[in-house]
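Notes follow once the structure below has been shown.
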């Protein structure tokens, strides 16, 4: 398994196609079980019930070569560095931006999980009056929190530590209860922040 | 030149690399000269001046095979159908969604330029209180208009015609003046709609 700066993990499939080509599958192993999928399923629930419209951003890919023999087939391309976040969309007219992170650390959430470009993007969102959040999963605790991005940015700017203690998430964030549908009902917290700002 | 349902046009380069591989270049030929680039440059201007944060969505690509020999190289992938729009972002806290289209027709803008999925997406945006727009360029007239998506949706739902007459854009939209920086100053119209809704 290989981890990349864009936060995705790629797993080699068992189906070997040739010496240097392997079947490709996205994996969310670095995000606990299925954090990204759980958020996507929750977003589908919100959309079905006309509560919010939050989308997964496509993975940015730089295309180099395309084969036009039949339908266009990309034959050379590369993953670009992620300069924004995982999700964005609209809730009651308000712009919403969400980055999802999962950590296997028991004690704290390492800020190194967030790139400089992502911090800049989140600061821009806040400056324009949008609402920006992190959904952070502590895999070993089986707990997932939603936190305003502002809180994480403040910690980064004001504290010496390079990671936020697990215990602090109870103060700065809200634990998201897991359910069947939506699997991660994070919208009540978004609603609360929206009403108060 | 080949046109696809995702609104992009791919041009074969003159540099032939092998019998069935050609160098790849994005082209905005189906969007007049540079409609997309002009909007991106304008968005950069708005961001620099802290007026708005509007991003180009990455082109959705379905990755099938990756070569892991050195850094990961995608060796097989396909363009997915575009189910959303070209741009989204935030202005004064409000969610903004924009689709850019260019037409070479002199007489009218053909609604066939907009996919069913895009109409659904825009209806969802409006339902959630976001602001949705089209930026439409009439290449032969050298004129570019910004129109609320609602107007285009209403036309589609209530009129028999499958295209919107050019003359009607003076009523339903606003001509965007071309300049040096920003090249297409569309934000004043967004501001006006935001204030009135």
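Chains as they are written, first to last, in the working numbering: chain A, 141 to 337; chain B, 141 to 337.
Virtual Cβ for every residue (Gly too), placed ideally from N, Cα, C.
Item to check | Chain-ordered neighbours of residue 267/A on chain B, where CB pairs are closer than 7 angstroms | outcome: 190
Next on the checklist: For residue 313/A, list the residues DSSP reports as bridge partners.
Outcome noted: Under DSSP, residue 313/A shares a beta bridge with 287/A.
Checklist entry - What's the gap between the Cα of residue 134/A and the Cα of residue 319/B? => result What the structure shows of chain A is the stretch from 141 to 337, and residue 134/A is not part of that stretch, so it cannot be assessed.
Next on the checklist: Strictly under 7 angstroms for the Cβ-Cβ distance: is residue 232/A near chain B by that measure?
Outcome noted: Yes, residue 232/A lies at the interface with chain B (some Cβ there is under 7 angstroms from its Cβ).
Next on the checklist: Going by beta-carbon coordinates alone, are residue 216/B and residue 204/B separated by less than 7 angstroms?
Outcome noted: yes
Checklist entry - Quick one: does residue 262/A have its CB under 7 angstroms from some CB of chain B? => result no
Next on the checklist: Quick check on residue 237/A: does DSSP put it in helix, strand or coil?
Outcome noted: strand
Checklist entry - Taking the beta strand (DSSP E) that residue 271/A falls in, what are its first and last residues? => result 271 to 278
Checklist entry - By the 10 Å Cβ neighbour count, where 16 or more other Cβ atoms means buried, how is residue 171/A classified, buried or exposed? => result Only weak support is given to the placement of residue 171/A: the predicted model assigns it a pLDDT of 39, under 50, and the value that follows is read from those uncertain coordinates. Per the 10 Å Cβ criterion, buried.
Checklist entry - For residue 231/A, which residues does DSSP report across the bridge? => result 234/A
Next on the checklist: Check whether the region 257 to 275 of chain B and the region 250 to 267 of chain A touch, using three or more Cβ-Cβ pairs below 8 angstroms as the test.
Outcome noted: The region 257 to 275 of chain B makes no contact with the region 250 to 267 of chain A: fewer than 3 CB pairs, one atom from each, lie closer than 8 angstroms.
Next on the checklist: Is there a C-beta anywhere in chain B that falls below 7 angstroms from the one on residue 326/A?
Outcome noted: no
Next on the checklist: Given 6 angstroms as the limit, tell me if residue 325/A has its C-beta closer than that to any heavy atom belonging to the ligand FMN.
Outcome noted: With respect to the ligand FMN, the structure offers nothing, as it holds no ligand at all.
Next on the checklist: Let me see if you follow: with CB-CB separation under 7 angstroms, is residue 169/A close to chain B or not?
Outcome noted: Low confidence applies to residue 169/A: its pLDDT is 40, below 50, so where it sits in the model is not reliable enough to give any reading.
Checklist entry - In chain order, what residues of the same chain have a beta carbon less than 6 angstroms from the beta carbon of residue 178/A, not counting five sequence neighbours either side? => result 323, 324
Next on the checklist: Please tell me whether residue 201/B has its Cβ less than 7 angstroms away from any Cβ of chain A.
Outcome noted: Answer yes: the Cβ-Cβ gap between residue 201/B and chain A drops below 7 angstroms somewhere.
Item to check | DSSP beta-bridge partners of residue 324/B | outcome: 318/B
Next on the checklist: Quick check on this structure: which residue in 335/B, 293/B, 295/B, 288/B has the alpha carbon closest to the alpha carbon of residue 132/B?
Outcome noted: Any answer about residue 132/B is impossible in this case: the structure gives chain B only from 141 up to 337.
Checklist entry - So which residues of chain B does residue 213/A contact, with C-beta pairs closer than 8 angstroms? => result 216, 217, 218
Checklist entry - Under a Cβ-count criterion, where at least 16 other Cβ atoms within 10 Å of its own Cβ denotes burial, should residue 272/B be classed as buried or exposed? => result buried
Checklist entry - Would you call residue 268/A buried or exposed, if buried means 16 or more other Cβ atoms sit within 10 Å of its Cβ? => result buried
Checklist entry - Is the CB-CB distance between residue 229/B and residue 187/B below 7 angstroms? => result Not a contact, by the Cβ cut-off of 7 angstroms.
Item to check | C-beta neighbour in chain A for residue 322/B, strict 7 angstroms | outcome: At least 7 angstroms separates the CB of residue 322/B from every CB of chain A.
Item to check | Among 252/B, 290/B, 284/B, the one whose alpha carbon lies nearest that of residue 270/B | outcome: 290/B
Next on the checklist: On the DSSP bridge list, what partners appear for residue 193/B?
Outcome noted: Residue 193/B is bridged by DSSP to 230/B.
Checklist entry - Between which two residues does the alpha helix (DSSP H) containing residue 180/A stretch? => result Where residue 180/A is concerned, the enclosing alpha helix (DSSP H) stretches over 175 to 188.
Checklist entry - Roughly how many angstroms lie between the CA atoms of residue 223/B and residue 299/A, to the nearest whole one? => result Taking the straight line from one Cα to the other gives about 42 angstroms.
Next on the checklist: Helix, strand or coil, according to DSSP, for residue 337/B in the structure here?
Outcome noted: coil
Item to check | Rounded C-alpha distance that separates residue 331/B from residue 209/A | outcome: Their Cα atoms are separated by approximately 46 angstroms.
Item to check | Spatial neighbours of residue 202/B in its chain, beta-carbon cut-off 7 angstroms, leaving aside the 5 residues before and after | outcome: If we look at residue 202/B and ignore the five residues flanking it on each side, its Cβ neighbours are 217, 218, 220.
Next on the checklist: Taking 6 angstroms as the limit between beta carbons, can you name the residues of its chain near residue 207/A, skipping five residues before and five after?
Outcome noted: 213, 215
Checklist entry - alpha helix (DSSP H) containing residue 254/B: first to last residue? => result Taken as a continuous stretch (DSSP letters only), residue 254/B belongs to no alpha helix (DSSP H), as it is neither H nor E.
Checklist entry - Using the C-alpha atoms, what's the distance from residue 231/B back to residue 337/A? => result 15 angstroms
Item to check | First and last residue of the uninterrupted beta strand (DSSP E) at residue 303/B | outcome: Residue 303/B -> beta strand (DSSP E) spans 303 to 305.
Item to check | Spatially closest choice to residue 181/A from 321/A, 328/A, 326/A, by CA coordinates | outcome: 321/A
Checklist entry - Hey, would you say residue 239/A sits closer than 7 angstroms to residue 274/A, going by beta carbons? => result Against a cut-off of 7 angstroms, the Cβ pair of residue 274/A and residue 239/A comes out as a contact.
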